[in-house]
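I have placed the structure first, in the form of structure tokens, so that the comments after it can refer back to it.
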Amino acid sequence: MSEPFEPKIVAFVCTYCTYAGADLAGTSRMKYASNVRIVRLPCTGRISPMFILKALQKGADGVLVSGCHPGDCHFAQGNYHARRRWTVFRALLAFTGIPEERIKFSWISAAEGAKFTELINGITGQIRTLGPFEQYQELQKVIETQSTY
Amino acid sequence: MAKIGVFVCHCGENIASMVDTAKLTATIADHPGVTVSSEYKYFCSDPGQETVKKAIRENGLTGVVVAACSPRMHEQTFRKACAEAGLNPYMLELANIREQCSWVHTDRDEATEKAIEITRSLVEKVKRNNDLKPISVPVTRRAMVIGGGVAGIQAAIDIASAGREVVLVEREPSIGGHMAQLSETFPTLDCSQCILTPRMVEALQHPNITMMTYSEVEEVDGYIGNFTVKVRRKARYVRMETCTGCGDCIQKCPVKKIPSDFECGLGNRTAIYTPFAQAVPNVPVIDRTRCTYFKNGKCKICQKTCQIDSIDFDQQDRIETVEVGAIVVATGFQVQNTAIYGEYGYGRYKDVVTGLHFERLASASGPTAGKILRPSDGKEPETVVFIQCAGSRDAAKGVKYCSKICCMYTAKHAMLYAHKVHHGNSQIFYMDIRAAGKGYDEFTRRAIEEDEAGYIRGRVSRVFEENGKLIVRGADTLLGRPVEVVADMVVLATAMVPQPDAKDFAKRIGIGYDEYGFFNEAHLKLRPVETATAGIYLCGACQSPKDIPDSVAQASAAAAKVLGLFSKEQLEREPVIASVTDATCAGCWGCVIACPYNAIDRKDITDRNGNVVKRVASVNPGLCQGCGTCVTFCRSNSIDLAGFTEKQIFAEVMAL
Amino acid sequence: MGIQEQYRKEAAELLSSGEVKLVIGYGEGSTAERRRPVFVRSAEYVSRLVLDGSCVANLSSYLVPEGLLSDGKKVAVFLKPDGIRSINILAAESQLDPEQVVILGFDIEGGQAAPLPGRKASDFTALIGSLKSAGLSPELQKDADRLEQMSASERFGYWKEQFSKCIKCYACRQVCPMCYCRRCIVDVNQPQWINTSSHTLGNFEWNIIRAFHLAGRCVSCGGCDRSCPVNIPLRLINHRMAKEALDTFGHYAGESAEQQPVLATFRQEDPETFIL
Amino acid sequence: MTRILLNSRLDDCLGAWRSAGFTVLAPVKRSDLTRFDEVQGASEMSLDIVMPERTIKEHFFLQTEPLIRYEIKKQQIETEEMVPPERKRIFFGVRPCDAAGLDIDDPLFGWDYKDDYWFRRREKSVIVTIACTSADDFCMCTSVGLAPDSPKGSDVMLHPLLDGRGWLVVPHTDRGKALLEPVSSILLEEAAEPAPVPAVPVKFDVNNVMAWLAEPANFESQLWKEVSQRCIGCGSCTYLCPTCHCFDIQDEGDTYSGIRRKNWDSCSFAMFTMHTSGHNPRNTQSTRWRQRIMHKFNYYRGKFGVNSCSGCGRCTRQCPVDMGITETLHEISNLPR
Amino acid sequence: MIYNPFPMRVVSKREEAPGVRTLKIEFINQEDHEFFKANYRTGMFGLYGIYGEGESTFCVASPETRTDYIECTFRQSGRVTTTLANVDAGDIVTFRGPYGNRFPIEEFEGRNLLFIAGGIALPPTRSVIWSCLDRRDRYRDVTIVYGARTVADLVYKHELEEWKQRDDVNLVLTVDPGGETPDWQDHVGFVPSVLEKVAPSPDNTIAVLCGPPIMIKFTLAALEKLGFSADNVYTTLENRMKCGVGKCGRCNVGSTYICKEGPVFTATEVQAMPQHDL
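Line order of the protein sequences matches chains G, Y, A, W and Z.
Number 226 marks the last residue of the first sequence (the working numbering); no jumps.
Number 660 marks the last residue of the second sequence (the working numbering); no jumps.
Number 1286 marks the last residue of the third sequence (the working numbering); no jumps.
Number 339 marks the last residue of the fourth sequence (the working numbering); no jumps.
Number 293 marks the last residue of the fifth sequence (the working numbering); no jumps.
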């Protein structure tokens, strides 16, 4: 048997809460799976659905989008706007067959290093079980190969 | 093309023990566009920073990635180093391989691989960074304080005393606000007017304070450092410049039986009046709706009386435009109309009054000259029942929140009553006693222990009249039995609510408000006196119910914020702001609606002849805080956010 | 007088009185079943106008491009309720002044065109309100349900097959009244968010992002679906978005000319069951 | 004597061709769309339709064609040309109009600089056409000088038999003749009567049209605005056209590597001719529609001696707003002169 | 195959004017270079590219007499030019070409030459200018009229200086009214009106004219007024192109494929094209 599958997970986070929460996990020397790659943004309001699609194109098996809890946004409202977009975009992705298990959303505050740790471990484990997102990655592979005829 | 320098920090052993820094350095050295890739024990140390600076200078680097700790830790350090080496400080990215890599992983190979990916993706990002310059906004170093209550007065005096001009706007004829109506103040029982009026006079006489009483803010335009405020100066019909405040006109005015708002209707005023004797400015106004001359065209007694011809019936409201750099909103509160509690009989029984009524009764300058006399027959009440939370903490009929001051002022009332009516019996219905504050709990203990206020834990279900007495029926929830108190007077500790026009006002000046109409602070904990609109600050009870010490403290805090803003002629801001591509903007205004800071305006694009060819969105750099919500909304991708541009993030993701 | 005659007469009056400069309606198409958009600028040509149960296209999209309304003059247009809703959205998004649009409203009932009273978009507020209460199309929901019942992987397979047919002709976009952007997101090339090539990945990205951009704005007129030369069931994906907007945010696209965009606003109490 | 392919022997025939190394493509209906795709047997084919929605053009001029794979390295850029495989293909059941379309585009892809992406595929492909026995309201081959059974572009033409048993097999090129060799034993030699071709009415006088278009003054005619008023500027007519050949070249990939691709493009799109300066010679839909008509019935003929239209009628059949070449040319040919 | 470009190495980069840069690039492969040397003639163009961004079309700005390298000058505007503007010496770019037709400079021999250029359109003219100046003895009087919006917008400033110093070149510079600097010594005015003052006799003179469409229009009228025959006036058209080899259908004006039959045309030929398609 080959090595167990290690998923690639991309996280889009706001700098004020979740990024700080991830830092706290670090300063507290908590341990979590190394599968996640964090992209830092000023606010969840800045996180465009395109980011998620591009992460999938680059072979992400899972995506996490995370920011401040409602009411805690450094920019007062960014996460409320983000929440609406996520609600809609998530429904859209699910409807087109992108499994909900692969696209996760969370609120993680600057104090929640432990929650960040648990979440990353949880998601990594879950996606490890699901296996690679071959269906989407197949679309990219097709582009890269010469046409059949 | 790009010349990027990558500096891999060991952070002692913090990084090096878990990340193979040599491998990271070597791998990145091979990445397109990387000119320098080096490692060092502590790049944040002086020699470490020197290494970075030297590399920038010697190689003409166009961008720098420091693979080290969190940007929250050392971004500023390395930005400064870049700037000192002649590189734009925004051409720097920190790859967080400590907090988010070496410290949280346990497998060296995995951590190294991750560190390589993080660093690589930030190399691709930094290649697309742009030279950014801090935004300079000129600051008009004059403030406006809206509201002349204790908070507004304090803020105005603090700012003015620091040498900056202040325009203090008050819509009533006099400053003073609610505090001027109070008798004594808790927890010291010093006379409210005695401590307030010197402040009012100080404000009036302060060379840096321009006072605009009987005036209202109509419109606020502009942004931090550069507001243009239109103020309606309501016609006073008395010339401010000449009036000496002698009061002859008031004495002679034939219309005498107008219930005074200041006295909560317990006393009367004339048609030409000052709200109270110590009014500041001590210049009367004519109540146009009550004045005989304005009603019938005849009278003018005041004019005849005035020896210096200060009455001017021809005055009109006028709009004055004021340029200010900052605005402090201190518009205060209102007392909730307790008529919603029909069961308490307010409005039906003259002797059921609000706390504010009681203040006037207890005030030495009040309608009873400080004697506690019940309104119905002017007799001294033998038994007074105080009902706390008559509106507060009552989601069904009143408001959900705690008004914060009622426990204290009810205790104060009981004490004042005890001091003035020695044989009097006071009974207080309460839910809890909230007495957190310096000297507060001691104060309530005093009311109970020394002044024998009776505290009954429970709610009042009904107040009704029987044989000329008020019967207060309720439950004692501690003893678990019904109680009935026969009282001569009932005082309701009514809720503090926002000014009735608070929401309209907030919209007019462009700040947020909560479900009740209290104004929203930028951050409840960390930015409590700022609003989401840069340059507009809050203090006092317009933000939430507050007592005097809190209001004054917040006023001084707001003043400190204003003075901080005014400490420089130019306001320097992080250049992480949005900007619009005019050519592609479709003018749907979604961004205008979405922006939490009202930072996006509509801009006309004109042709050479000045004809408007289209309207596009335009970001006001003074107001934009850089959240990027507009960028994500924009369907045609016509807005971008400096520092986190679409190109940068695309590259960062596509390099992962 | 049948509805066609009646509306021809009204069109003629609008034109001859000078109230409108143009009437956009339907005319005979190249086959008996087809109707095509026609533009009538003079009362003498109103006989070109046809109004019957085959008049299904949402003509509101002709009002937006190339400065048709920039002279401030009025244009009359034949619109079904979906088209009237489009006018409301276009007005809400400042793309036109609803005062310039004279609506010749009709609906199709039992395969026949039936008149709707009213002239201005605001005259139809009650009608649109009742449509909102009636809910979204149950037929579409049935089709959508069929997809919802599949496993995610089957659904992915379904859409992959559908989007593999896409040729990126952009008929869906061009026919849509909501696609008025001066530069479409697919034409943004710095960076190239959406792969312009019409391989399945690029097609997938294009169709998903277009659906997202239509969330809370699509009135389910079906224009994109009918226009698609390769028969991609775009109606389903747009219906799904409309359903989300309505169920979750109570937002029914085009309720009024003052309606705010669902994705530029929020309520603090918006549901968030899926957020960890 | 003529040669006959019986319905019942079609699978044998396909089998023989496949054994000879050919891949067979035929109209296949899948997911509500008919297009040419690889088939294993006759049962997969949809031959009883007027024509597939998509043309065989897409198998020669790909809607997205990878040209060059590139990888950006620190010191150099590695590239690899993505050369189309030379696969022997049979297109079975092509309509005469689609076959003619390939013929029409050959000179364009071949003049001066030869586009091998086209010709490598073209040279290894054999076009087996089936003459039409039905037509719809949109067919217009007869208006452009072709017919439901014209052999232009066909290597072999099959004429359906009147009795429905199969097809009359007529090779028209050497390549066609060669194709019949491996299946000669499967074909019958007997006399048979082909089914009549449908009467496709002539919708415009193409000579009139060409003369009018060639008149320089008509470039500025009001007609262009009138006929294009409802055009929404999508690319469906150009993308479904068997002869339209415009394309774009785009690089696509991540930050280090990717593929340069040749993608279909359309003269209907507003940005098609936009200069970098912002100047756009064809900045309205009417000028773009004029270009399309002029190109097909005036300019192309001037260069390559043939009109760039084979009369399939897809431009109208699938137009979202019921426009198309037929209507415009009908208007032109009926203009008073 | 036909869309495969030549890899090129950037030799140097020069800032000409705000947003305008010149790249000097050289062939990496010998055989590519040989092909270029054998085929390049002044007036031709190429597609300059950078992998990951795409290709963009501009003329070859260097003359056919100097084929050790290629120079191109462009304004930074789109995706490709923005990236090309940021390359440095040593970076790899690509070149596809040379494509198109040429200025028939052999036919110009023995005649006076009048070069007229506006703004960013000096590069194609410059290629012809040097191709002729490098064989100066074959031509008679050489006059160059070059104008730009402002002094800063003039490109090839060092070469303008060189031409100014030469006795055998008559250089006339002009900037649009308002575009002059305090120390500007040359003309102020639009090219057509300046041209009317300084133009040589049309007798035995060939005019080469490059500029934005609006300038071409008015300058052609001026030349006509001066008595130039449209057959003796040459210009280049810069349409949008993607393939450069007559396939992609983008550059067509009427029945003309600008990429193959152009970009060099006589005024007579240009006037025969449908004007509203230009």
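Just so it is clear, CB atoms sit at the ideal spot from N, CA and C, and this is done for glycine as well.
Note that this is a predicted model, so its numbers are computed, not measured.
**Prompt:** Grouping DSSP H, G and I as helix and E and B as strand, with all else coil, what is Gln338(Y)?
**Reply:** In the structure shown, Gln338(Y) sits in a strand (DSSP, three-state: E or B).
**Prompt:** Would DSSP call Pro218(W) helix, strand or coil?
**Reply:** DSSP, read as helix, strand or coil, puts Pro218(W) in helix.
**Request:** Please list, in chain order, all residues of the same chain as Ala510(Y) whose beta carbon is under 8 Å from its beta carbon, the five residues on each side excluded.
**Result:** Within the same chain, Ala510(Y) has close Cβ partners Gly516, Tyr517, Gly521 and Phe523.
**Asked** In terms of alpha-carbon separation, which member of Ala28(W), Gly326(W) and Thr25(W) lies closest to Lys205(W)?
**Response** Measuring from the Cα of Lys205(W), the nearest candidate turns out to be Gly326(W).
**Asked** Can you find a C-beta in chain W that's less than 8 Å from the C-beta of Glu221(G)?
**Response** By this cut-off, Glu221(G) is an interface position.
**Request:** Give the single residue among Trp169(W), Phe63(W), Gly43(W) and Leu242(W) whose Cα lies nearest to the Cα of Cys1179(A).
**Result:** Cα-wise, what sits closest to Cys1179(A) is Leu242(W).
**Request:** Within its chain, find whatever has a CB closer than 8 Å to the CB of Glu188(Y); leave out the 5 residues flanking it on each side and keep chain order.
**Result:** If we look at Glu188(Y) and ignore the five residues flanking it on each side, its Cβ neighbours are Asp194, Cys195, Ser196, Ala366, Lys416 and Leu420.
**Message:** Pull the bridge partners of Glu576(Y) from the DSSP assignment, please.
**Reply:** Paired residues: Ser140(Y).
**Prompt:** If you compare alpha carbons, which of His161(W), Arg11(W), Thr286(W) and Gln293(W) is closest to Asn220(W)?
**Reply:** Closest option to Asn220(W), judged by alpha-carbon separation, among His161(W), Arg11(W), Thr286(W) and Gln293(W): Gln293(W).
**Message:** Any C-beta of chain Y within less than 7 Å: which residues of the region 94–115 of chain Z qualify?
**Reply:** The residues in question are Asn101, Val102, Asp103 and Asp106.
**Request:** Could you please tell me which residues of the region 48–61 of chain W, in chain order, have their CB closer than 8 Å to any CB of chain G?
**Result:** Residues His61.
**Request:** Please report the Cβ distance between Ile437(Y) and Ala418(Y), rounded to the nearest whole angstrom; I am assuming they are in contact, meaning their Cβ atoms lie under 8 Å.
**Result:** With 8 Å as the limit, Ile437(Y) and Ala418(Y) do not qualify as a contact, their Cβ atoms being about 12 Å apart.
**Asked** Asn641(Y) versus chain A: which residues are under 7 Å apart at the beta carbon?
**Response** Simply Ile1195 and Val1198.
**Asked** Under 7 Å Cβ-Cβ, which residues of chain Y neighbour Ile74(W)?
**Response** What Ile74(W) touches in chain Y: Pro36.
**Request:** Give the DSSP-derived three-state secondary structure of Gln203(G) in the structure shown.
**Result:** Three-state result, Gln203(G): helix.
**Prompt:** Any contact of the region 18–27 of chain Y with the region 99–109 of chain Y, i.e. 3+ C-beta pairs under 8 Å?
**Reply:** The region 18–27 of chain Y, when compared against the region 99–109 of chain Y, does touch it at the 8 Å Cβ threshold.
**Item:** Proximity test, Cβ basis, 8 Å: Tyr258(W) and chain Y
**Value:** Yes, Tyr258(W) counts as interfacial toward chain Y.
**Message:** One question on the structure: do Thr109(Z) and Met256(Z) come within less than 8 Å of each other, judged by their Cβ atoms?
**Reply:** Going by beta carbons, Thr109(Z) and Met256(Z) fall outside the 8 Å limit.
**Proximity winner among Phe38(W), Ala102(W), Ile74(W) and Lys126(W), relative to Val38(Y) (alpha-carbon distances)** = Considering only Phe38(W), Ala102(W), Ile74(W) and Lys126(W), the residue with the shortest C-alpha distance to Val38(Y) is Ile74(W).
**Message:** Quick check on Met78(G): does DSSP put it in helix, strand or coil?
**Reply:** With a pLDDT of 46 at Met78(G), under the threshold of 50, the modelled position of this residue cannot be trusted; read the value that follows with caution. Of the three classes helix, strand and coil, the one that applies to Met78(G) here is coil, per DSSP.
**Item:** Within 7 Å of chain Y by C-beta, residues of the region 98–120 of chain G in sequence order
**Value:** Within the region 98–120 of chain G, the residues whose Cβ lies closer than 7 Å to some Cβ of chain Y are Ala99, Asp100, Ala102, Gly103, Thr104, Arg106, Met107, Lys108, Tyr109, Ser111, Arg114, Ile115, Val116, Leu118, Pro119 and Cys120, listed in chain order.
**Message:** Please state the DSSP three-state secondary structure of Gly326(W).
**Reply:** Residue state, collapsed to three classes: coil.
**Prompt:** Which two residues bound the contiguous beta strand (DSSP E) that contains Ile3(Y)?
**Reply:** The structure shown has nothing for residue 3(Y), since chain Y only spans 5 to 660.
**Asked** Going by other Cβ atoms of all chains shown within 10 Å of its Cβ, with 16 needed for buried, is Lys668(Y) buried or exposed?
**Response** Only positions 5 to 660 of chain Y appear in the structure, and residue 668(Y) is not among them; the question remains open.
**Asked** Are the C-beta atoms of Ser143(G) and some chain Y residue less than 8 Å apart?
**Response** No, no contact with chain Y.
**Request:** State buried or exposed for Ile312(Y), treating a residue as buried only when at least 16 other CB atoms are found within 10 Å of its CB.
**Result:** It is exposed - the Cβ of Ile312(Y) has fewer than 16 other Cβ atoms within 10 Å.
**Asked** Start and end of the alpha helix (DSSP H) containing Asn19(Z)?
**Response** Bounds of any alpha helix (DSSP H) do not take in Asn19(Z), whose DSSP letter is neither H nor E.
**Message:** If distances are taken between C-alpha atoms only, which option among Asp135(Y), Gly152(Y) and Ala99(Y) comes closest to Cys73(Y)?
**Reply:** Checked all of Asp135(Y), Gly152(Y) and Ala99(Y); the closest Cα to Cys73(Y) is Ala99(Y).
**Message:** Can you find the residues in the same chain that come closer than 7 Å, C-beta to C-beta, to Lys129(Y), ignoring five residues on each side of it along the sequence?
**Reply:** Excluding sequence neighbours, Lys129(Y) sits near Glu97, Gln652, Ala655 and Glu656.
**Reduced DSSP category for Leu1061(A) - H, G, I as helix; E, B as strand; rest coil** = Leu1061(A): coil per DSSP, three-state reduction.
**Closer than 8 Å at the beta carbon, the chain Z residues around Met5(Y)** = Simply Asn101, Val102, Asp103 and Asp106.
**Asked** When you compare only the Cα positions, how much space is there between Val308(W) and Cys1189(A)?
**Response** The straight-line gap from Cα to Cα measures roughly 38 Å.
**Asked** From which residue to which residue does the alpha helix (DSSP H) around Pro207(Z) run?
**Response** Unbroken alpha helix (DSSP H) run through Pro207(Z): Val206 to Val213.
**Request:** Tell me whether Tyr2(Y) sits in a helix, a strand or coil according to DSSP, three-state version.
**Result:** Because chain Y spans 5 through 660 in this model, residue 2(Y) falls outside it and cannot be assessed.
**Message:** Closest to Val187(Z) by C-alpha separation, out of Gly269(Z), Asp198(Z) and Gly133(Z), would be which residue?
**Reply:** Taking the Cα of Val187(Z) as reference, the smallest distance to any Cα among Gly269(Z), Asp198(Z) and Gly133(Z) is reached at Gly133(Z).
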